[in-house]
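Enquirer: Sharing a structure here in structure tokens format.
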Amino acid sequence: MALYTIADTHLSFGCDKPMDIFKGWTDYTQRLSAKWNALVEPSDTVVIPGDISWAMTLGEAAADFRFLDALPGTKIIGKGNHDYWWQTMSKLNIFLRENGFSTIKFLFNNAYRVGDIAVCGARGWFFDAAGADSEENRRVIDREAGRLARSIEAGIQTGGEPVAFMHYPVACDGCVCEPIMTVLKKYGIRRCYFGHIHGDRTGRFADFTVDGVRFSLVSSDFLAFCPKSVAP
20 MALYTIADTH
30 LSFGCDKPMD
40 IFKGWTDYTQ
50 RLSAKWNALV
60 EPSDTVVIPG
70 DISWAMTLGE
80 AAADFRFLDA
90 LPGTKIIGKG
100 NHDYWWQTMS
110 KLNIFLRENG
120 FSTIKFLFNN
130 AYRVGDIAVC
140 GARGWFFDAA
150 GADSEENRRV
160 IDREAGRLAR
170 SIEAGIQTGG
180 EPVAFMHYPV
190 ACDGCVCEPI
200 MTVLKKYGIR
210 RCYFGHIHGD
220 RTGRFADFTV
230 DGVRFSLVSS
240 DFLAFCPKSV
250 AP
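So in my numbering, spot 214 of the sequence shown is number 233, and the numbers just go up one at a time.
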């Protein structure tokens with residue numbers, strides 16, 4: 020019952036948004052499928068923290084979810100900045116039931132126990148770009164920090180070690196998203212996995228530690244489309 024993670028699958032089976040035009044993404048769905056099938060067992064779990072599909076609606080996203088559902092293991096999906104198909108949890112769960120997607124769960128203000136680990140997380144938000152200190156962005160960051168706190172508290176209730184899975188990085192290029200970092204430190208989180216970073220920027224990222232929290236980039240292209248083991 021192993022636990023893996025990989026972010027930013029950027030699937031587009033139901034819409035015209037090919038990722039192959041970007042460096043390193045040629046035949047990426049075939050590569051992802053082959054490596055996933057070679058590694059992940061049906062009893063395993065894979066956390067996908069955001070940017071699952073380019074679809075704009077759940078209807079468009081159905082083909083992408085069908086691709087994921089057919090892969091081995093349980094998939095726990097978080098929200099990314101490009102997941103415009105995302106709806107309320109009730110609508111998302113209805114979508115899963117109506118389409119018979121039995122291996123997919125959503126991470127949103129909740130948590131899941133997987134072995135000794137409690138899978139927790141939130142999307143996060145921009146904090147190191149122009150305009151990030153605007154009142155609107157501060158409100159979004161505070162809201163995401165609250166969602167992360169609720170998820171971690173739910174994880175603590177499971178009895179497992181809370182491990183955070185974010186879409187946006189919490190620390191990047193010498194900057195730290197203080198409201199979210201404060202939540203991680205408050206609850207004693209030791210590991211945080213994140214996506215969102217692509218292309219040439221990934222070359223600057225190896226595992227790194229800030230204030231006792233170890234951060235790991237898990238975007239698909241950085242991992243060469245192979246899920247990463249969530250190890251102690």
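A virtual CB, placed ideally from N, CA and C, is assigned to each residue, including glycine.
Bear in mind that the values here come from a model prediction, so they are computed numbers and not experimental data.
1. Between A5 and the rest of its own chain, which residues show a CB-CB distance below 7 Å, the 5 nearest in sequence each way excluded?
2. Is there contact between the region 38-53 and the region 105-118, where contact requires at least three CB pairs shorter than 8 Å?
3. My output table needs one value for G97: the three-state DSSP class, helix, strand or coil.
4. Would you give the residue range spanned by the alpha helix (DSSP H) that A141 belongs to?
5. Among Y23, G178, W73, G214, which has the Cα closest to the Cα of E60?
6. Would M38 and H29 be called neighbours here (beta carbons separated by less than 7 Å)?
7. Using a Cβ-Cβ cut-off of 7 Å (strictly less than) and excluding sequence neighbours within five positions of F127, which residues of its own chain qualify?
8. What does the alpha-carbon distance come out to for the pair V189 and T228?
9. For W55 and G119, what's the separation of their Cα atoms in angstroms?
10. Would you list the one or two residues that DSSP bridges to P181?
Expert: By the coordinates alone:
1. A question about residue 5 goes unanswered here, because the residues of the chain that appear run from 20 up to 251.
2. no
3. Your numbering for residue 97 matches position 78 in the sequence shown. Three-state result, G97: strand.
4. Mapped onto the sequence shown, residue 141 falls at position 122. Note, A141: premise wrong, no alpha helix (DSSP H); beta strand (DSSP E) at 136-141.
5. Walking along the sequence shown from the start, residue 60 turns up at place 41. Closest by alpha carbon: Y23.
6. Along the sequence shown, one-based indexing puts residue 38 at 19. Along the sequence shown, one-based indexing puts residue 29 at 10. Cβ atoms of M38 and H29: closer than 7 Å.
7. Taking the first residue of the sequence shown as 1, we reach residue 127 at position 108. These residues qualify, in order along the chain: K98, M108.
8. Position 170 of the sequence shown, counting from 1, holds the residue named residue 189. Position 209 of the sequence shown, counting from 1, holds the residue named residue 228. Their Cα atoms are separated by approximately 11 Å.
9. Taking the first residue of the sequence shown as position 1, residue 55 is located at position 36. Taking the first residue of the sequence shown as position 1, residue 119 is located at position 100. Spanning the two alpha carbons is a distance of roughly 21 Å.
10. What you label residue 181 is simply residue 162 of the sequence shown in a count that begins at 1. Bridge partners of P181: A137.
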